[in-house]
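There are 2 protein chains.
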Amino acid sequence: MSIKVSDLGEKELIRYIIANSKDITPDDTAVTQFDSTNLISTCDMLIQSRHFPANMSFFNMGFKAVTVNVSDLAAMGAKPIGFLLAIAMPKDLEVDSFKEIVKGVLEACYFYSIPLIGGDTNEASEIIISGTALGVCDNPLMKDTYNKGDLIAVTGNIGLAALGFELDTLDNVYVNKSLKPIARIREGQMLKDLASSATDITDGLASELYEIKKDNFGFMIYEELLGISDEYKEISDRLGLDYLDLMLHVGEDFELLFTISRDNLEKLSIDYMVIGEVTDSDVVELTLENGFVERIKNKGYEHYVSE
Amino acid sequence: MSIKVSDLGEKELIRYIIANSKDITPDDTAVTQFDSTNLISTCDMLIQSRHFPANMSFFNMGFKAVTVNVSDLAAMGAKPIGFLLAIAMPKDLEVDSFKEIVKGVLEACYFYSIPLIGGDTNEASEIIISGTALGVCDNPLMKDTYNKGDLIAVTGNIGLAALGFELDTLDNVYVNKSLKPIARIREGQMLKDLASSATDITDGLASELYEIKKDNFGFMIYEELLGISDEYKEISDRLGLDYLDLMLHVGEDFELLFTISRDNLEKLSIDYMVIGEVTDSDVVELTLENGFVERIKNKGYEHYVSE
Chain A
82 MSIKVSDLGE KELIRYIIAN SKDITPDDTA VTQFDSTNLI STCDMLIQSR
132 HFPANMSFFN MGFKAVTVNV SDLAAMGAKP IGFLLAIAMP KDLEVDSFKE
182 IVKGVLEACY FYSIPLIGGD TNEASEIIIS GTALGVCDNP LMKDTYNKGD
232 LIAVTGNIGL AALGFELDTL DNVYVNKSLK PIARIREGQM LKDLASSATD
282 ITDGLASELY EIKKDNFGFM IYEELLGISD EYKEISDRLG LDYLDLMLHV
332 GEDFELLFTI SRDNLEKLSI DYMVIGEVTD SDVVELTLEN GFVERIKNKG
382 YEHYVSE
Chain B
82 MSIKVSDLGE KELIRYIIAN SKDITPDDTA VTQFDSTNLI STCDMLIQSR
132 HFPANMSFFN MGFKAVTVNV SDLAAMGAKP IGFLLAIAMP KDLEVDSFKE
182 IVKGVLEACY FYSIPLIGGD TNEASEIIIS GTALGVCDNP LMKDTYNKGD
232 LIAVTGNIGL AALGFELDTL DNVYVNKSLK PIARIREGQM LKDLASSATD
282 ITDGLASELY EIKKDNFGFM IYEELLGISD EYKEISDRLG LDYLDLMLHV
332 GEDFELLFTI SRDNLEKLSI DYMVIGEVTD SDVVELTLEN GFVERIKNKG
382 YEHYVSE
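Residue numbers (my numbering), protein chains in the order written: chain A, 82 to 388; chain B, 82 to 388.
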C-alpha cells in the first residue's frame, strides 16, 4: 500500500521541497538580494473548504487572502510593494460574489498600503485564492535570531479566532477575529530595528514556538501573562473545550510573535503583551496559573494529519 | 436568474479587476519600480482538470507550472531571479507522485536558471499549482509598443501543442510540445533591446494579436510564412479538424510573438520566423496560401466560455 500525502502531513511535504532546493532559507518569506536592498516575497494559497468558515462572506474571503500574505511580510519587518492575485472559482459562482471577493481584496490592499499589481482568474471546483505579497527590506527580521534572556511578546491577544471558529452563529470579538483577522504590517516595520526575531502566529503559538526553536534554547511562557479572560474560559467550558488547547494549538491569530531585549522593549511604541522569555532549557514550557510547569505539546493546525 | 462567472468569461473577469485597481498596467507581467531598476512579477495558477492533459506525467505538471510563469518573464525580456511555488493536492495523492511534481518544478527551475525560493503546500480536491515568477529588467519589453512597418515574428513554430492535444496517445513532436512546452527565456532577454514589442502565445496567435492590437494599427499575417507542414495538414484533416483553427485559436505554444524593425532583425541572433507585418489597416488579417485575404477571428482558448 503506497504512502499518501496525508500520511506524511504538510510539514513533511514542505521539508521535502526545502531539502531539494538549495535556494530556500526557511523563514516567513523568501529574502532575495535585489540591487542594494532585499526583495521580500511570499506566496500563500487559501482553499475555500479549508480556510473559509461556512459563515464567511465573499468580501472577507478576499480580505483574508491578502491578510495571510501580508502577515508574512509583517513578520520580516518588510515594507509592502505589491500584491499579485490568482483566483479560481466554480463556473456557476455568481458574478456578484466574484465582485465581492475582489472588493475584499482591494479593500485589504488599501488597508495595508500594498498595491494590487497583477491578477489572473481560473476555473476550479471550489474557490481558491493564491496571493503573492512582495516587499522590500534592507535588514529583514528572521524567526530564530533570538538570544537567551530575551523577552517573548505578542502584538495582541491570541486564541480569539480559535474560539470564534466554534461560535460561528454569533457576532462577537471571537467570531469577528475568525472572519476578519488583521495582519500587523505597521507593527512589523516598527519592530524591525528593535526586536531580535519575529514570526507570525498562523498555526497556533505552540506550533510557532517549535518552528523557531533552536538547539540549546528553550521558551518559558506564563499563562497569567496570556491575557485569558474569564469570559474566554467560561465559553470554552460551556462548549466542552479546553481553553488552553484553543489558545495554543489552533492559531489563525496573525499576531506577531517576537523576541526583544529588555532595553529595546522600552523603546517600543506599539501595543504588545510580554508572555514569556527565552531560556537555555532546551524545552518549550508553560507555567500554569497554579504554578505548575508543563511541557507545551508540539501540536498545531496542520493539513492532512488528523488530530 | 443571476449572472454566473461562466456567462462573463475569463477576460471580462480580469477586466473587472483591472478597472478597479489603479495599479495594474495590463501587460504580460507587473512592472514595479524597485531601487534603480524594475521588479518584474507574475503569478499563474494551473488547475489539473483544465491545464494538464490526461496523459501528462506528474513531473511534466511541475515543469509546466514553472514554464507558464517564466514565459511571462520572457515576454518582458526579464532576467529571472526567483520562483515561488504554492501547491494543493488531494489527500490521497501518492507521495511518490508529489515528489515527481516537485522534481519537475526543480528541473524546470534549473533549466530556466530561476531559483526556487519559497514553497507552500495545501489540500484540495485536485492538483492545483500556483507559481509566481520574479525577475528584474531595467527596460522591460511591453506588448503594444510596435510601430507601423515593423515585422511580426515568432520564436518558433506555432500550433504544435494544439494538434498534440488531439493526439494524446502518440509520441511525436506535437504531443511532446503539448506535454512539455518550453519558455523562451533566453530569447526574451536577447530580444529586449532589439524588438519593439513582445508577448507570449498562450491562448493562440489570434487571441494574442487582438490582445496587443491598438486603434489605427492592424496586422497582416501570411499563411505561407507560418511554416505549416504537409504532415500537419494531413493529420488535422484525418482528425476532421481545420488546421488553421488549430494553428491560430488554441494556443499553449509559449513561443514569443514579437515585432521588430527590419534593421534590428538583422542584428538578431536567435531562431525566429517572420510571419507578417504591422499595418495601419485597423484590422487583423490573414493572407491565405491561395492569395485570398480574410479577417482573423478574435477567438482563442478561454475559461468558461464554450466555443
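The C-beta atom is built at its ideal place from N, Cα and C for all residues, glycine as well. Since the structure is predicted, the reported quantities are computational estimates derived from the model, not experimental observations.
Excluding the 5 residues flanking it on each side, V149/B has same chain C-beta neighbours closer than 6 Å at D125, in chain order. Setting aside the 5 residues that flank it on each side, I128/A is surrounded in the same chain by I209, each with a C-beta closer than 6 Å to its C-beta; the list follows chain order. L349/A and L197/B have their alpha carbons spaced roughly 36 Å apart. Taking a Cβ-Cβ cut-off of 7 Å, the neighbours of M126/A in chain B comprise A167, A169, D201, N203 and S211, given in sequence order.
Contact check for A242/A and I377/A: beta-carbon distance about 19 Å, past the 8 Å limit, so the pair fails to qualify. Put simply, the backbone Cα of L215/B is about 44 Å away from that of G372/B. Taking the C-beta atoms as reference points, L329/B is found no nearer than 8 Å to A279/B. When only Cα atoms are considered, T236/A and D284/A end up about 16 Å apart. Residue burial annotation: L320/B is exposed, with fewer than 16 other C-beta atoms found within 10 angstroms of its C-beta. Sorting S130/A, G163/A and I121/A by C-alpha distance to the C-alpha of Y193/A places G163/A at the top. Two segments are said to touch when three or more pairs of C-beta atoms, one from each, lie closer than 8 Å; by this definition the region 226-240 of chain B does not touch the region 173-180 of chain B.
Taking 8 Å as the threshold, the shortest C-beta distance from P262/B to chain A does not fall below it. It is roughly 5 Å from the alpha-carbon of V365/B to the alpha-carbon of F300/B. Our two residues, I309/A and K261/A, have alpha carbons roughly 20 Å apart in a direct line. In this structure K224/A is buried. Its beta-carbon is surrounded by 16 or more other beta-carbon atoms within 10 angstroms. Judged by DSSP secondary structure, F164/A falls outside any alpha helix (DSSP H) and instead within the beta strand (DSSP E) spanning K160 to M170. Taking 8 Å as the threshold, the shortest C-beta distance from F373/A to chain B does not fall below it. Annotation: S259/B to A146/A spans about 32 Å, alpha carbon to alpha carbon. For Y97/A, the nearest beta carbon of chain B is closer than 8 Å to its own beta carbon.
Ranked by how close their Cα comes to the Cα of S342/A, the residues R265/A, G230/A and T250/A have G230/A in first place. When beta bridges are read from the DSSP output, T360/B appears opposite G299/B. Residues C124 and L165 of the same chain have their beta carbon placed closer than 6 Å to that of T213/B, with the five preceding and five following residues left out of the count. Sequence-distant partners of L327/B (beyond 5 residues in either direction) whose C-beta falls short of 7 Å from its own C-beta, in its chain, are G240, A243, L244 and S317. The continuous alpha helix (DSSP H) containing L346/A extends over residues R343 to K348. Near chain B, meaning a CB-to-CB distance below 7 Å, the residues of the region 141-164 of chain A are I162 and G163. The Cβ neighbour count for K273/A, taken over all protein chains shown within 10 Å, is at least 16; the residue is labelled buried. In the three-state scheme derived from DSSP, where H, G and I count as helix and E and B as strand, C190/B is classed as helix. CA-to-CA, the gap between D116/B and E370/A works out to about 51 Å. In the DSSP annotation of this structure, the continuous segment of the beta strand (DSSP E) that includes D281/A starts and ends at S278 to D281. In this structure, G269/B and M354/B do not form a Cβ contact; the two beta carbons are roughly 16 Å apart against a cut-off of 8 Å. Under the 8 Å criterion on CB atoms, L174/B is classed as interfacial with respect to chain A. Taking C-alpha positions only, V217/A is separated from Q114/A by approximately 10 Å.
N101/A and T226/A have their alpha carbons spaced roughly 24 Å apart. Taking 7 Å as the cut-off between beta carbons, none of the residues of the region 325-345 of chain A comes near chain B. Counted as a single uninterrupted DSSP element, the beta strand (DSSP E) harbouring A234/A occupies residues L232 to V235. For a cut-off of 8 Å, the C-beta gap from R265/A to E358/A is around 21 Å, too long to register as a contact.
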